[in-house]
Amino acid sequence: MPRFAVVGHPNRGKSSIVATLSQDDSVAIAKFSGTTRHRLSFPMKVDGRVMYELIDTPGFQRARKALAWMQDEVEKVHDRPEVVKRFVEHWQGSGKFVDECELLQPIIDGAGIIYVVDGSRPYGEEYEAEMEILRWTGQPSMALINPIDNTEYVEEWRAALNQYFKITRVFNAMTVDFYKRTEILNAFGQLQEAWRRPLEQAVNSLEEMRKQQHQQAAQAIVKMVVEMTAFALEKKIPTDADAGEYQPAMETQFFNKLRKLENRGRKNVQEIYQHSHLESREDVIELLDSDLFKLKDWYLWGLDKKQLAAVSAAAGATAGLVVDAAVGGASLMLGAVTGGILGGVGSWFMADTIARQKISGILPLGGKILAFGPVSNRNFPYVLLGRAIYHQQMIAGRPHAQRDQLKLKSVNQSDWLERLGREQRKQLDKLCKNLSNQEKLEQVQGELSDWLFQAVTAIEGTGANTS
Amino acid sequence: MSAEPFTRLQNLFLLQRQISRDSELTYAELHQRDRNIGVAAGDNQKTDTDRQLLHWLSSLLTAEDIKQAMEIQSGHRLITVGISLLGLLLGWLAIIGLFQYDGQGRVNLVYLLIVLVGLQLSLSLLTLIAMLPQSKTGWIPGFSSFQQLLRWFSPGRLQKLFARFMPVSERQDIAELLGRHHKVFADIGKWQIFSWSQLFGVAFNTAALVSIFILIATRDVAFGWSSTLAIDPLAILGLTDMLSWPWHTWLPTAVPDFQLVEASHYFRLQNSAATVEPETLGHWWPFVMLCLGFYGLLPRLLLLLFSRFQLSSAYTRTLHYFPGRREVLARLNSAVVETRAKQHDDANEDVVTEPAKSESQLMGGALNLVDWTGLVLDKTTLIDEIQLVGQFSLAKAFSAGLKHKLEEDEKVIRQLGRMDKNVPIGILVKSWEPPLGELADFIDDLRQAVAGQQIIYLLPVAIKAGQLLSPTQADLDEWQRFVQRLVDPWVTLIPIVPRVQV
Chain A
1 MPRFAVVGHP NRGKSSIVAT LSQDDSVAIA KFSGTTRHRL SFPMKVDGRV MYELIDTPGF
61 QRARKALAWM QDEVEKVHDR PEVVKRFVEH WQGSGKFVDE CELLQPIIDG AGIIYVVDGS
121 RPYGEEYEAE MEILRWTGQP SMALINPIDN TEYVEEWRAA LNQYFKITRV FNAMTVDFYK
181 RTEILNAFGQ LQEAWRRPLE QAVNSLEEMR KQQHQQAAQA IVKMVVEMTA FALEKKIPTD
241 ADAGEYQPAM ETQFFNKLRK LENRGRKNVQ EIYQHSHLES REDVIELLDS DLFKLKDWYL
301 WGLDKKQLAA VSAAAGATAG LVVDAAVGGA SLMLGAVTGG ILGGVGSWFM ADTIARQKIS
361 GILPLGGKIL AFGPVSNRNF PYVLLGRAIY HQQMIAGRPH AQRDQLKLKS VNQSDWLERL
421 GREQRKQLDK LCKNLSNQEK LEQVQGELSD WLFQAVTAIE GTGANTS
Chain B
468 MSAEPFTRLQ NLFLLQRQIS RDSELTYAEL HQRDRNIGVA AGDNQKTDTD RQLLHWLSSL
528 LTAEDIKQAM EIQSGHRLIT VGISLLGLLL GWLAIIGLFQ YDGQGRVNLV YLLIVLVGLQ
588 LSLSLLTLIA MLPQSKTGWI PGFSSFQQLL RWFSPGRLQK LFARFMPVSE RQDIAELLGR
648 HHKVFADIGK WQIFSWSQLF GVAFNTAALV SIFILIATRD VAFGWSSTLA IDPLAILGLT
708 DMLSWPWHTW LPTAVPDFQL VEASHYFRLQ NSAATVEPET LGHWWPFVML CLGFYGLLPR
768 LLLLLFSRFQ LSSAYTRTLH YFPGRREVLA RLNSAVVETR AKQHDDANED VVTEPAKSES
828 QLMGGALNLV DWTGLVLDKT TLIDEIQLVG QFSLAKAFSA GLKHKLEEDE KVIRQLGRMD
888 KNVPIGILVK SWEPPLGELA DFIDDLRQAV AGQQIIYLLP VAIKAGQLLS PTQADLDEWQ
948 RFVQRLVDPW VTLIPIVPRV QV
């Protein structure tokens, strides 16, 4: 099984690289050096089977001294790996060379070396001792230039590193996308022939996992959008109550609930991409409709005025129909027509009287319903989707080494819609229309998830994510 | 434990219960758990996703789940049996009422036809209207309200009555499943209510048919027709011919002829027995029973079959589009990829109690300088500038660290140990490089060699292309933390900051 020890000077971004490659946002990354005190293993497992292992290590603290010890010990060049091994055996547990023992142990156990330097700081002579020690181990190695702040010294480093390492790559742990990550893993596989195959399999599994993450994210987003577009509040109040009094409280409740639903959706997407520690900030959503507040009357067991009139008309018509049948149709169905009209019209005008009645003075027969929402504006699903896709892209593209708060800008609707192809747009329009009308929700949910999955995969493919 | 013996209603109920329970677990936990189930089941299930889903469900059931599912089923059975019994009872009562016969008058065929044919056909027709899909009829204004209204009168709604005999928790569970709280189940709810309605209709008509048969078999029933309006017997014959059209070829005896129609016409003030053979008046019964069978029972049976079929497809559809189903299948069929560490090192960050000063302080007097940067000693202009900034005069300068051999460092320490104890020592370091253990060792060794209270200045310097720059605050904080960890009160950090910022 391939193992890779990520080593280097203290505070040169080793943990950032490990965090990004292992997609682990809980790796401790601090601004001070020496944050990593012990080596930590990040095994990449597929169904429990370890494909490769990354090992984060503390930085060299006394490389010059360690090399001096080794130089004293060595007799022949080919003894060098053995001397490094002896060094670890000799000093381990002694309280001296703690960091060196900790970082060299996995290498003498057979791990490949990933040597990390900072491309934004100049090269210095003090790095030579540690590079020399690594060379002494005889293990396959590769250098990564991590330009933490800028790329000013990348070339200077490349020239220096080429003297010690066969492969040198630039790898910015803070900005790399998914494909750069898999590319670097494939490069790790090139270090030794036996490692190539497992690393390829690992990359395939990671790509499969990526696909799953996109699928899950699409499902989570669609679930959220469906819930938000369907969300409405209703409250029954007595007929003589003032509806205006309830309005502000209901509005706040409605708005808070929508925000909660959206936040929950965001959190789900973040967890899918293993960004569970991330905090984000986003502009609040606009509701688009100004008059979401509706006042409806209800009568008799929840029927509204129209339904009540229809019930009465039908009852009247049935009664009339019986009369018609009794006279063998001689009345030319006048009975049914008259009965229907009488019942319907009568109940329409009597509705309010009915509403005020109470059976035995307890059970009310009618009243008012205050309704807030749902947001029926046709653009609402697009707004929700636009915001969610933007957030998803930011999360999916965010390396796990980043620790700052995620700030989301407001989304310009026309921007993302214009990027869609004609067919894609047509399909979206159909689905959004169904959503607004609350039709065939189960099917829409499935189809929209599929649509969204295709869309986010395509956006990632074009690299338009974080723009 | 297998989900197979459960009904589809139970499976959906259990599925909903499991999926809502799963919302409390993290994705990683769920994926690990479900993938284990998927791997254990092997690949042969992948083609039949329904089976795979139900297998998954059965692997997770608890005893409490099974108990609840059983209660749901008995509740459902209670409603079905209750509605059937009520239909039977009302069917029997209706016939008792319609055949109220005191031996004097006759059973009026007009009533019978209105109730058993007219009313029943209209009700079946209304049921059919209520069943029409909204997507096809939505354009007709008020149609959906009318449908809702019709459904409101559906006998299937009697389920609420029977549901009262169930414990509250089960009632809520069923209600939730049948669409009051969950859109997905709306179709099942709709067709379940229709199914029950039609069951009621079938029970009603069956009871009516059986009751008529019993009445005819046990009593002498005389049928007749009568109306205040002067209706021509030919009109009645036309009606009976029309009604008996479906069976006129294979059961001609059940088709009333003109003689029978005319003979059965009776008037309130006339004594019928005097004019017609009583036996003749009984000949109506095959016609009456077939009318009930064709226009009452048969449409109800067809509607029952139709709604059962629709209910069954609603179940299939619901299972297919069940919220959360895709997620479960994805978890079952995709490998668990783990990349994260099982445990983490706690970020052990010392707090910098005192932030580093970012300005040079005047040291004054002479200073022995150790260059730990390898960048300064051979450049006189830099040395001059550093002296100017620090306001000190260079007593002696040494070079140590970096590429120097350890013996050279030791020599520097020995030399400094022999020098004037009152002259402070300054160690010039690269501000942008993190302080290493090697430097800490050097300062330790130096402290052993010089007087316990001799001042050692740590002087971080930023140099780029031979020019002095200001060290960044972040770098200085790092050095301040280093000094703090040395626990030597006579070591002080003094950054070298140029007067004119470049």
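Here the protein sequences come in this chain order: A and B.
In case it helps, our numbering puts the first sequence at residues 1 to 467.
In case it helps, our numbering puts the second sequence at residues 468 to 969.
All C-beta atoms in this analysis are idealised placements derived from N, C-alpha and C, irrespective of residue type, glycine included.
query, result
"CA-to-CA distance, residue 17 of chain A to residue 532 of chain B, given in whole angstroms", "47 Å"
"Proximity test, Cβ basis, 8 Å: residue 474 of chain B and chain A", "no"
"Burial state of residue 498 of chain B (16 or more Cβ within 10 Å)", "buried"
"The stretch 656-669 of chain B touching the stretch 694-705 of chain B, judged by at least three CB pairs closer than 8 Å", "no"
"Which listed residue (A:228, A:442 and A:48) has its alpha carbon closest to that of residue 803 of chain B", "A:48"
"Neighbour flag for residue 10 of chain A against chain B, beta carbons, 8 Å", "yes"
"Range of the contiguous alpha helix (DSSP H) that encloses residue 487 of chain B", "475-489"
"For residue 42 of chain A, three-class secondary structure by DSSP", "strand"
"Span separating the alpha-carbon of residue 294 of chain A from that of residue 373 of chain A", "8 Å"
"Under 8 Å by beta carbon: chain A residues contacting residue 904 of chain B", "61, 62 and 99"
"Enclosing alpha helix (DSSP H) for residue 700 of chain B [first to last residue]", "700-710"
"Own chain residues within Cβ distance below 7 Å of residue 20 of chain A, not counting five before or after", "173, 176, 181, 399, 400 and 401"
"Interface flag, residue 446 of chain A vs chain B, CB-CB below 8 Å", "yes"
"Min CB distance residue 901 of chain B to chain A below 8 Å", "yes"
"Beta strand (DSSP E) segments (min. 3 residues) lying fully within the stretch 148-201 of chain A", "167-170"
"Reduced DSSP secondary structure (H/G/I, E/B, other) of residue 506 of chain B", "helix"
"Any non-hydrogen atom of the ligand NAD within 7 Å of residue 612 of chain B CB", "Of ligands this structure carries none, so the ligand NAD is not represented either."
"The stretch 263-278 of chain A: positions lying closer than 9 Å to chain B by Cβ", "268, 271, 272, 274 and 276"
"Chain-ordered neighbours of residue 845 of chain B on chain A, where CB pairs are closer than 8 Å", "Near residue 845 of chain B there are no residues of chain A at all, since even the closest Cβ is about 14 Å away, more than 8 Å."
"Residue 689 of chain B and residue 767 of chain B closer than 8 Å at C-beta", "no"
"Straight-line Cα distance separating residue 923 of chain B from residue 950 of chain B", "11 Å"
"Residues, ordered as in the chain, of the stretch 206-237 of chain A that lie near chain B by beta-carbon distance below 8 Å", "206, 208, 209, 212, 215, 216, 219, 223 and 230"
"Proximity winner among A:259, A:52 and A:132, relative to residue 206 of chain A (alpha-carbon distances)", "A:52"
"Any chain B beta carbon closer than 8 Å to residue 24 of chain A", "yes"
"Reference residue 79 of chain A, options A:195, A:137, A:67 and A:113, closest by Cα", "A:137"
"Contact set between residue 42 of chain A and chain B, taken where Cβ atoms lie within less than 7 Å", "806, 807 and 808"
"8 Å Cβ cutoff met for residue 148 of chain A and residue 59 of chain A", "no"
"Alpha helix (DSSP H) segments (min. 4 residues) lying fully within the stretch 228-300 of chain A", "243-272"
"Three CB pairs or more closer than 8 Å across the stretch 61-74 of chain A and the stretch 124-142 of chain A", "yes"
"Interface flag, residue 370 of chain A vs chain B, CB-CB below 8 Å", "no"
"Opening and closing residue of the alpha helix (DSSP H) in which residue 527 of chain B lies", "516-527"
"Residues of the stretch 119-136 of chain A with Cβ closer than 8 Å to any Cβ of chain B, in chain order", "121, 122, 124, 125, 126 and 128"
"Closest Cα partner of residue 705 of chain B within the set B:724, B:720, B:841 and B:668", "B:724"
"Contact with chain A by residue 945 of chain B, beta-carbon distance below 8 Å", "yes"
"DSSP three-state assignment for residue 146 of chain A, whether helix, strand or coil", "strand"
"Alpha-carbon spacing of residue 953 of chain B relative to residue 865 of chain B, whole angstroms", "22 Å"
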